[in-house]
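Positions 1 to 174 (the UniProt record's numbering) are the ones given, in order, by the sequence shown.
For glycine and all other residues, C-beta sits at the position ideal for the given N, C-alpha and C.
Presented below is the structure to which this report refers.
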Amino acid sequence: MTGPSLAGVWRRRAGSADGFARYSDALKRSGLVWDKWNLDAWLKSPAALVPGNAMGFPGIAEPRTRADLVAYLEAVSTGRVTVPDRGLPNPKELDAASRVTAIRYCGDAYRVTTADRKTHTFWEFNLRFKTDGSVDGPPAGKPVLIGAGMQGDRAAVVFARPEEILTFIQRQCP
C-alpha cells in the first residue's frame with residue numbers, strides 16, 4: 001500500500017492516519033480536515049491545495065468524477081457502504097507454491113524456485129524485490145513470491161529484511 005486506507009478519511013485531520021508514518025511535513029502541517037470541499041480540492045490538484053506535499057498524483061480534472069469519488073469516500077467512512085478486504089495475502093500463511101527457496105539470475109531473467117520445487121521465470125524488469133519488516137511480513141529468511149499484474153507475467157519477492165535480498169540471488173545460468 002502506498003498510502004493509508006481512505007475508508008475512514010471523512011472528518012479526519014490530514015496527515016494523521018494511525019500507523020502511517022510517510023506523510024509529508026507539508027500535509028501534516030496543513031491543518032486540513034477531510035470534508036467534501038477539501039477532498040474535492042485535493043482530488044482536483046494536491047499540489048495546489050497543499051504546496052510541497054509528496055503526492056505524485058496530478059489530480060482529476062473532471063468535476064463529476066471527483067464528486068462521485070468524494071461521495072463514495074463519505075459513504076465508506078460513515079459505514080453506509082462496506083469495502084471488501086482485498087489486501088495482500090498473509091505471507092505467514094502462504095503455501096509451498098509461494099515460499100521461495102532460491103533465486104537465480106541469468107542474462108535478462110530471474111528464475112525463482114519455490115518450496116513446491118517449481119521454477120518460475122521472469123524477465124528481470126517484471127520481478128520486483130520488496131521488504132516487509134512488519135509483523136505482517138514474511139518470517140526472516142523465508143521470502144515469498146506474490147503475483148502481480150493481470151497477465152501472470154509480473155511478481156514480487158517479499159523479504160523480511162533488505163539484507164536478505166542479496167543472500168538469495170545467485171548469478172547462475174542453467
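Residues of its chain near residue i, where Cβ-Cβ distance is below 8 angstroms and the 5 sequence neighbours each way are ignored
{"i": "Phe20", "result": "Gly3 and Pro4"}
{"i": "Asp153", "result": "Phe122, Trp123 and Asn126"}
Assigned exposure category for residue i - 16 Cβ within 10 Å defines buried
{"i": "Ala14", "result": "buried"}
{"i": "Leu94", "result": "buried"}
{"i": "Thr65", "result": "exposed"}
{"i": "Pro174", "result": "exposed"}
{"i": "Val144", "result": "buried"}
{"i": "Phe125", "result": "exposed"}
{"i": "Gly79", "result": "exposed"}
{"i": "Trp34", "result": "buried"}
{"i": "Leu166", "result": "exposed"}
{"i": "Pro138", "result": "buried"}
{"i": "Val112", "result": "buried"}
Strand pairing of residue i, partner residues [DSSP]
{"i": "Arg154", "result": "Ala148"}
{"i": "Trp34", "result": "Per DSSP, none; premise fails for Trp34."}
{"i": "Ile103", "result": "Val112 and Ile169"}
{"i": "Phe159", "result": "Thr131"}
{"i": "Arg22", "result": "Paired residue(s): none; Arg22 is not in a bridge."}
{"i": "Phe122", "result": "Tyr110"}
{"i": "Arg13", "result": "Val33"}
Cβ-based neighbour list, residue i, same chain, cut-off 6 angstroms, excluding 5 preceding and 5 following
{"i": "Ala26", "result": "Val50, Gly52 and Asn53"}
Presumed contact (8 angstroms Cβ cut-off) between residue i and residue j, rounded CB distance
{"i": "Val158", "j": "Ile103", "result": "Contact doesn't hold; Cβ gap of about 12 angstroms is too wide."}
{"i": "Ala96", "j": "Thr119", "result": "With 8 angstroms as the limit, Ala96 and Thr119 do not qualify as a contact, their Cβ atoms being about 13 angstroms apart."}
{"i": "Ala140", "j": "Arg161", "result": "7 angstroms"}
Own chain, CB closer than 7 angstroms to residue i, minus 5 neighbours either side, in chain order
{"i": "Gly8", "result": "Ser77"}
{"i": "Met1", "result": "Residue confidence is low: Met1 scores 40 on pLDDT, short of 50, so the model does not pin down where it sits. Its coordinate-derived value is still stated next. No residues qualify anywhere along the chain."}
{"i": "residue 196", "result": "With the chain covering only 1 through 174, there is no way to say anything about residue 196."}
**Prompt:** Whole alpha helix (DSSP H) runs in the region 39 to 98 with 4 or more residues, listed along the chain?
**Reply:** If we require 4 residues or more, the alpha helix (DSSP H) runs fully inside the region 39 to 98 come out as 46 to 49 and 63 to 77.
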